[in-house]
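Shown next, in C-alpha cells, is the structure this report addresses.
There are 2 protein chains.
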Amino acid sequence: MASTSPSPICPDARVVSIDLGDRSYDILIGKGLMRADSFAGLPRSSQALIVTNTTVGPLYTARLREAIAPLHKQVLDVELPDGEQFKDWPALNQVFTRLLEEAADRKTVLYALGGGVVGDMTGFAAACYMRGVPFVQVPTTLLAQVDSSVGGKTAINHPAGKNMIGAFYQPLRVVCDLDTLSTLPQRELLAGIAEVIKYGPIADAEFLSWLEVNLDKLLARDHAALMHAIQRSCEIKAWVVGQDEKESGLRAILNYGHTFGHAIEAGLGYGAWLHGEAVGCGMVMAADLSARLGLIDEATSLRIRSLIERAGLPVKGPNLGAERYLELMQVDKKAEGGEIRFVVIGPLGSAGMRGAPEGVVRDVIAAHTA
Amino acid sequence: MASTSPSPICPDARVVSIDLGDRSYDILIGKGLMRADSFAGLPRSSQALIVTNTTVGPLYTARLREAIAPLHKQVLDVELPDGEQFKDWPALNQVFTRLLEEAADRKTVLYALGGGVVGDMTGFAAACYMRGVPFVQVPTTLLAQVDSSVGGKTAINHPAGKNMIGAFYQPLRVVCDLDTLSTLPQRELLAGIAEVIKYGPIADAEFLSWLEVNLDKLLARDHAALMHAIQRSCEIKAWVVGQDEKESGLRAILNYGHTFGHAIEAGLGYGAWLHGEAVGCGMVMAADLSARLGLIDEATSLRIRSLIERAGLPVKGPNLGAERYLELMQVDKKAEGGEIRFVVIGPLGSAGMRGAPEGVVRDVIAAHTA
Chain X
0 MASTSPSPIC PDARVVSIDL GDRSYDILIG KGLMRADSFA GLPRSSQALI VTNTTVGPLY
60 TARLREAIAP LHKQVLDVEL PDGEQFKDWP ALNQVFTRLL EEAADRKTVL YALGGGVVGD
120 MTGFAAACYM RGVPFVQVPT TLLAQVDSSV GGKTAINHPA GKNMIGAFYQ PLRVVCDLDT
180 LSTLPQRELL AGIAEVIKYG PIADAEFLSW LEVNLDKLLA RDHAALMHAI QRSCEIKAWV
240 VGQDEKESGL RAILNYGHTF GHAIEAGLGY GAWLHGEAVG CGMVMAADLS ARLGLIDEAT
300 SLRIRSLIER AGLPVKGPNL GAERYLELMQ VDKKAEGGEI RFVVIGPLGS AGMRGAPEGV
360 VRDVIAAHTA
Chain P
0 MASTSPSPIC PDARVVSIDL GDRSYDILIG KGLMRADSFA GLPRSSQALI VTNTTVGPLY
60 TARLREAIAP LHKQVLDVEL PDGEQFKDWP ALNQVFTRLL EEAADRKTVL YALGGGVVGD
120 MTGFAAACYM RGVPFVQVPT TLLAQVDSSV GGKTAINHPA GKNMIGAFYQ PLRVVCDLDT
180 LSTLPQRELL AGIAEVIKYG PIADAEFLSW LEVNLDKLLA RDHAALMHAI QRSCEIKAWV
240 VGQDEKESGL RAILNYGHTF GHAIEAGLGY GAWLHGEAVG CGMVMAADLS ARLGLIDEAT
300 SLRIRSLIER AGLPVKGPNL GAERYLELMQ VDKKAEGGEI RFVVIGPLGS AGMRGAPEGV
360 VRDVIAAHTA
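Here the protein sequences come in this chain order: X and P.
For the first sequence, numbering that gives the first Met the number 0 assigns the number 0 to the initial residue and increments by one for each residue that follows.
For the second sequence, numbering that gives the first Met the number 0 assigns the number 0 to the initial residue and increments by one for each residue that follows.
Here is the structure:
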C-alpha cells in the first residue's frame, strides 16, 4: 500500500506514496522542503488557510505562506492555543469562524502546520467545513511526521474521552520538513521516538534492532537517522492501514500502548503528559501484559522496556488506582460491550487484539505504576 | 439510482431502494411502519440511542423503542430542544455526552426520530462519534421524509451560516411512517409541501401538474396522495444525488429556492421562519430570477408562485434590505470566489446553476420583499 522513491524535487528527499485509490497521496520527507516545489501540483484556489498554533506559527507560518503563495490569491492563518488540552470544540470552532468571517468557499485549501494536535484538528475541520474541503499536512513534530502522516484519522477530544469525535479524512499531500525538527523541544522529540519505537514490536523486529543500534543518533537529531526512522514508520503504518482503512481489525494494532496510554492521559488531564510519553509507558505495560499472557517471553518484554527507558521516556505510570485505570480503559474506542481489548505483542514483530483477565490487568497496573 | 417496489412487509407500503454501492439502503414509506418488521435485518448491538426532541419524543419514543427492542440489549434515548435554532454544537454535544456517559461503543446504532433538524444532527453525530457509527432515520415530518431521506447530507449550523459544519454520511435505512404525520402541525406540513413542490420545477414538469391537481388532498393529509408525493420526491432526489453524490455539480439544483431561502432564515435568525417556508418564498424569487434572465417565461414563473401561494406558504420575503440579502448570500456554500451562484429553472422540469448580474438580483429582491 506504500512505495518509496527518491524525490524528483530534491535528491536527498524521499517520497512515500500512499495508495488509496482516488484518495492516494504522497509523503515527502527531507531537509529544506518548505518551498514552492514541495507543493507543486496541489489545487489552486482563491483562498487558503494555514492552521497552526501559537508556538509553531511565529517560527514557520511566514515560510509556508511564501511556499504556497503561487497557488492561492489569499493566504489566511489562524493560531490556535498550543497543547492537547486545547484539542477541543472551542479551538476547532475558531477555525470555522475564521473561514466564515472571510467567506471562504468550498474550494479553500487548509494547511495543517504543527504537531499532532494541529494536524488532527485541521483534518477534522477540513472534513466538516461545508461537508469537506481539501487539506495538506505540514507536520513539524516527529510524532506528527510518523503518526499523523498516514491513516487519515482526525479528531477532537471530549471531556469524557480522547479522540471521541472525528472522521476518517485523507490529506492531499504530507510534507515532512526535517528542518522543523531543529526547533522541537527535546521532550517532544522523545515523545515522537515513542511512536517510532512502536512500529518495531508490532510489525518489524528488524526495525527494532535498527532502533537499538541507532537510538543515540536519533536523540542527537542526526538527519539520515531521522529520515530512515520516519520513512520506515510511514511505510509500516501504510502497510497496516492499507489492509484496514476504517479500523475494523488489523489497524487496531497501531494502538499498541494506547489503551494504557489513553487512560494515563485522561486520568491526569490532557496535557499533563505528552501523548508520546503516555504511549511509551503504555507500551511497557502492554509488553508486560503480553508476557504475562504467555505471548512473548519476559526477556522480550524487558528488551522493549529497556529501549523505551534508554529513550528517556517514562516507564512508570501515575498512581491513579487500578479502579480508575479500568474505568478509563472501558470507554476506549476498542472496547466492545464493556470488555476492554488490548493490543498484545507476540511473537516479536507481530501483534493482535484480545481481552485479558481482570486479575492479570490489575497485576500489570500494580507492577508499573509509581 | 433508485428503484421502487411494493414492500414485502406490508402490502400498502412502498420501498424506494437507493443504490450507492456498499452504502445502498432502502426507504420504507407507508402507514403503521413503527413496528419490528420495518427494522428487521438491521445490525444487532449491545446499545442503541434514539435521538429525538422534546416535542416528538413524548409521542413516539416508546413506540420506536418497542419496535427496535429485538435488536439491542439496551435502548437509550436523548431529547434535544426542538427547533432550527438548536441545530448547533451544544445540542450535538448532548448526544456525544449521552453516548460517552453510557460508554457506548463503536457498534452502537443511532436512530434519528424527528424532523430535519433531528435527522441532520443525528446523522452528523453518527458520522463523528468514534469516527463513525451506523444510523437509521425515522423521519416524522413531511419535510424530513422527502428531503433528509435521500442524499446523506448531515450538518449543524454555525452562527455565521447554515449547515456550514457537517458530513456526507448515509443511513442504513429510512422508515417513513405516515402515521407520524397525523400529529404534525399544519404549518410544518406546509413547510414539507414546499420541498415537495421543489421537485417539479427542477426535474419533473409532470409531477408539477400532478401537484396542481392533488394539492388539496395533500393539504388534507390524504394517505395515498402523501405516499405518492413522498415516493416521487425520494425518487427524483435519488436520481439527482446518484449522479453527483458529493455535490460537485448537478446536485446543487436541489438547492432551488435555497440561496434566497437561507438568506431569509439567517437574516431573521434561525427558527423565525421554518426552513420550508423560507424555501417556498425563495423558490418564488428564484423563479422570477429565471424569468428575468430569459430562461422561462413569466407565465411559468407565476404558475410556480401560484402553487406555492395556494399551499399557504409565504411568497413575500422579509424586508432585510438588499445589502443584507447580498451579504448573506455571499457566504452560501454554492458561492465561489465571492460570486453568488443561483439555481435557475429553464425549461420547466430542468435546472442549472449560474451567477446573475447584481442589478437583476436587486430587482428580484425589491419585487418580492414586503
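Think of the CB as a built atom: it goes at the ideal place given N, C-alpha and C, for glycine as much as any other residue.
Quantities reported herein were computed from a predicted structural model and do not represent experimental measurements.
query: The region 89–121 of chain P: which residues have C-beta closer than 8 Å to a C-beta of chain X, in chain order?; result: 92, 95, 96, 99, 100, 102, 104, 105, 106
query: Taking the alpha carbon of residue 36 of chain P as the reference point, which residue from P:44, P:69, P:353, P:162 has its own alpha carbon closest?; result: P:69
query: Does any C-beta atom of chain P lie closer than 8 Å to the C-beta of residue 125 of chain X?; result: no
query: Using 8 Å as the limit for Cβ to Cβ distance, is residue 147 of chain X near chain P?; result: no
query: What does a CB cutoff of less than 7 Å around residue 101 of chain X pick up in its chain, not counting 5 residues either side in sequence?; result: 46, 75
query: Any C-beta of chain P sitting closer than 8 Å to the C-beta of residue 353 of chain X?; result: no
query: Spatial neighbours of residue 352 of chain P within its chain, please: C-beta separation below 6 Å, excluding the five flanking residues on both sides.; result: 251, 340, 342
query: Using 8 Å as the threshold, is the C-beta distance between residue 197 of chain P and residue 256 of chain P below it?; result: yes
query: Closer than 8 Å is the cut-off here; do at least three beta carbon pairs connect the region 257–277 of chain X with the region 156–166 of chain X?; result: yes
query: Kindly provide the ranges of any beta strand (DSSP E) runs that are 3 or more residues long and lie completely inside the region 277–356 of chain P, ordered along the chain.; result: 341–344, 350–353
query: Of the residues P:44, P:66, P:248, which one's Cα is nearest the Cα of residue 32 of chain P?; result: P:66
query: Kindly list, in the order they appear in chain P, the residues whose Cβ is closer than 9 Å to that of residue 33 of chain X.; result: Simply none; closest approach about 27 Å.
query: So what does residue 79 of chain X bridge to, in DSSP terms?; result: X:52
query: Check whether chain P comes within 8 Å of residue 161 of chain X, counting only Cβ atoms and requiring the distance to be less than that.; result: no
query: For the putative contact between residue 291 of chain X and residue 362 of chain X, defined by C-beta atoms under 8 Å, what is the C-beta separation to the nearest angstrom?; result: 7 Å
query: Determine the direct distance from the alpha carbon of residue 27 of chain P to that of residue 155 of chain X, and round the result to whole angstroms.; result: 35 Å
query: Kindly indicate which three-state DSSP category residue 138 of chain X falls into: helix, strand or coil?; result: strand
query: Less than 8 Å between the C-beta atoms of residue 134 of chain X and residue 171 of chain X, yes or no?; result: yes
query: Look at the alpha carbon of residue 137 of chain P and the alpha carbon of residue 237 of chain X, and state the distance between them as a whole number of angstroms.; result: 39 Å
query: Check the Cβ-Cβ distances between residue 370 of chain P and every residue of chain X, and say whether any is below 8 Å.; result: In this structure chain P extends from 0 to 369, so residue 370 of chain P is not present and cannot be described.
query: Is it true that the CB of residue 258 of chain P sits closer than 8 Å to the CB of residue 279 of chain P?; result: no
query: How big is the Cα-Cα spacing for residue 17 of chain P and residue 148 of chain P?; result: 10 Å
query: Under 8 Å Cβ-Cβ, which residues of chain P neighbour residue 167 of chain X?; result: 130, 131
query: Going by Cα to Cα distance, which pick from P:214, P:317, P:311 is closest to residue 366 of chain P?; result: P:317
query: Is residue 157 of chain P close to chain X, meaning its C-beta is less than 8 Å from at least one C-beta of that chain?; result: yes
query: Quick one: what does DSSP say residue 170 of chain X is sitting in, helix, strand or coil?; result: coil
query: Taking the alpha carbon of residue 272 of chain P as the reference point, which residue from P:346, P:295, P:193 has its own alpha carbon closest?; result: P:193
query: For the pair the region 176–185 of chain P and the region 207–215 of chain P, tell me if three or more CB-CB distances fall below 8 Å.; result: no
query: Nearest to residue 20 of chain X by CA position, among X:270, X:81, X:305, X:241, is which residue?; result: X:241
query: Do you know how far the Cα of residue 206 of chain X is from the Cα of residue 106 of chain X?; result: 41 Å
query: Quick one: list the residues of chain P neighbouring residue 152 of chain X, beta-carbon separation under 8 Å, in chain order.; result: 130
query: Whole-angstrom Cβ separation of residue 364 of chain X and residue 294 of chain X, contact assumed at under 8 Å?; result: Actually they are not in contact, since the Cβ atoms of residue 364 of chain X and residue 294 of chain X sit about 18 Å apart, beyond 8 Å.
query: When the cut-off is 8 Å and only beta carbons count, does residue 67 of chain P lie next to chain X?; result: no
query: Could you have a look at residue 110 of chain X and say whether DSSP puts it in helix, strand or coil?; result: strand
query: Would you check if the distance between the CB atom of residue 63 of chain P and the CB atom of residue 110 of chain P is smaller than 8 Å?; result: yes
query: Does any residue of chain P bring its CB to less than 8 Å from the CB of residue 4 of chain X?; result: no
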